[in-house]
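Numbering (the UniProt record's numbering), first residue to last: 32 to 476.
We treat Cβ as the ideally placed atom computed from N, Cα and C, and that holds for glycine.
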Amino acid sequence: LFSIPDGVRQVLGRLTGLGFEAHLVGGCVRDLLMGREPHDFDVATSALPEQVKCALCGLRVIETGLRHGTVTALAGGQAVEVTTYRVDGGYSDGRHPDSVRFTDELTQDLARRDFTVNAMALSPKGELVDPFGGRDDLGRRLLRAVGEPAHRFEEDALRILRALRFGSVLGFAIEADTARAVHECRALLERVSAERIAAELVRLLCGQDAREILLEYPDVLGVFVPELLPMVGFEQRSKYHLYDVYTHTVEALAAVRPVPVLRLSLLLHDVGKPETFTLGRDGAGHFYGHALRGSEMARDILRRLRFDNETVDTVCELILSHDIPIERSERAVRRWLGRLGEKRLRLLLEVKRADNAAHAPGVSSRAQQLDEVESILARVLEQGACFCLRDLAVKGGDLIALGIPPGPGLGALLQKLLDAVIEGRCQNERDVLLGYAEELRSQTP
Ligand code: ATP
Ligand code: MG
């Protein structure tokens, strides 16, 4: 009936063969019912952890969380998490259960789960166990907390953000009582670690309904990114903008591919606007310095959320550059390539397109300009043009051989040679560049 991988069936069979109950539970059941491919399979069983280890002997088993009753089995190339039915004890830190107690009742295990669509089980014979109406909610595309929503969020505040993440990724509406509790309990998110917040945020931003969720829950995001709050309702009063800064941000975000750096860049691209608007506007109608301020703020925000350096640097660079026009000439494109490299320049073009798409319709001529930049870029790359030190026909060693001492002066000279190549003043040929280097050196005392 459902396509369950052989390895998973094998694990279920080992347990039931010994007389234990074993069910698929949680996200994989939800995904199977929706016709989506589960990315992991979780099994819940009445067997105690030691009994699970016995039942699985001969298979490779990793004791991932034996204390919480979880072992991971590797069967047929498939990792299967097997967890003993359990009831969570009190939650005094608002995030982790103080203790877990094993039980032989599947329903109790399902009751500790977060949302009805995540609280169903499937027996090896394909019978659905659904004590909280998960299947109906799935049919209505509704995300509903199991039990009293506020109580469940007080137990574990991460569930607040999981609600938004599932709403976005599955494209489900959040049921009214659950939604109210998400708003009311949002401050509890302060207890959740930055790493967990960041992981959920990225999934939320990349979900199919990110737009709807972001428009509905800026107050929740504002708990861990308070910098977003002044953007809400902040009018830009310019002929270029249809929306306040926050709505524009969300529209732009939804217009870019669901790739973490891109979605993060769009989320934060205008975060500097509210602070800098008093500085006035430049000729293009942009607030002076907002991109610079925005990239500083983004660095702060992303570091706080413990994003990796590559993500932080990329996002900040994209924000810093997002409002600078790209001149449509080969020389300008080579200069941009020199500054950002090919990968980031391509990302920047995507950011600009999405930003542009979320402006007033009259701005669509900019889309055409971006098309032109893109074809110039293709041409420049095809020519194999040099735009970074790595591609320069002269290396540091060549200059040292000319008698130039290693050090900052050498680096600066190489950069000057590169600039000359990018500007088209010098060909990227060894002899030409060495000649030019001599010339430059004779000019500077
Ligand atoms: P996905 O794997 O797509 O992220 P999932 O539903 O499998 O979605 P997991 O984080 O893998 O989510 O968790 C597996 C299951 O464990 C969930 O479906 C849910 O039943 C339960 N669960 C996970 N985290 C929590 C939590 N914080 N509170 C309550 N139940 C949870
Ligand atoms: Mg899962």
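Name the one or two DSSP bridge partners that Val113 has.
Answer is Val74 and Val102.
Hey, which residues come within less than 5 Å of the ligand MG, measuring from Cβ to any heavy atom, in chain order?
Qualifying residues, in the order they occur: Gly58 and Asp71.
Check the DSSP bridge columns for Leu153 and list the partner residues they point to.
The partner list for Leu153 (beta bridge, DSSP) reads Leu55 and Leu159.
Could you tell me the alpha carbon to alpha carbon distance between Phe163 and Arg40, rounded to whole angstroms?
Taking the straight line joining both Cα atoms gives about 25 Å.
For the ligand ATP, is there any heavy atom lying closer than 7 Å to the beta carbon of Asp73?
Indeed, a heavy atom of the ligand ATP lies less than 7 Å from the Cβ.
Taking all protein chains shown into account, do 16 or more other C-beta atoms lie within 10 angstroms of the C-beta of Asp161, making it buried, or fewer, making it exposed?
Asp161 comes out buried.
Looking at C-alpha atoms only, which residue of Leu448, Asp250, Arg172 and Leu159 is the closest neighbour of Asp429?
The shortest Cα separation from Asp429 among Leu448, Asp250, Arg172 and Leu159 belongs to Leu448.
Could you give the DSSP three-state label for Asp119: helix, strand or coil?
If DSSP states are grouped into helix, strand and coil, Asp119 belongs with the strands.
Output needed for Val256: all residues of its chain with C-beta closer than 7 Å, excluding positions within five of it in sequence on either side, in chain order.
Ile332.
Rounded C-beta distance between Gly198 and Leu174? I'm assuming under 8 Å.
Gly198 to Leu174, Cβ: 5 Å. Contact.
Output yes or no for whether 8 Å exceeds the beta carbon distance between Val213 and Ile191.
Yes, Cβ-Cβ distance for Val213 and Ile191 is below 8 Å.
With burial defined as no fewer than 16 other Cβ atoms inside 10 Å of the residue's Cβ, what is the status of Ile431: buried or exposed?
Label assigned to Ile431: exposed.
Identify whether Val92 lies in helix, strand or coil by the three-state DSSP scheme.
Reduced to three states, the DSSP call for Val92 is strand.
For my contact list, Val148 and Asp168 are in at a C-beta cut-off of 8 Å; report their separation, rounded to the angstrom.
Correct: roughly 5 Å between the Cβ atoms.
The alpha helix (DSSP H) spanning Val131 covers which residue range?
Note, Val131: premise wrong, no alpha helix (DSSP H); beta strand (DSSP E) at Val131 to Phe133.
Around the Cβ of Ala106, are there at least 16 other Cβ atoms within 10 angstroms (buried) or fewer (exposed)?
Its Cβ being crowded by 16 or more others within 10 Å, Ala106 is buried.
With 16 as the cutoff for other CB atoms within 10 Å, does Cys417 come out buried or exposed?
Its Cβ being crowded by 16 or more others within 10 Å, Cys417 is buried.
Whole angstroms is fine: what's the gap from Leu43's alpha carbon to Arg227's?
Distance between the alpha carbons of Leu43 and Arg227 is about 30 Å.
Rounded to whole angstroms, what's the CA-CA distance from Gln139 to Val118? Just pull it up for me.
Going from the Cα of Gln139 to the Cα of Val118 covers about 6 Å.
Whose C-alpha, out of Thr209, Leu55, Val276 and Glu94, is nearest the C-alpha of Val74?
When only C-alpha atoms are compared, the closest one is Leu55.
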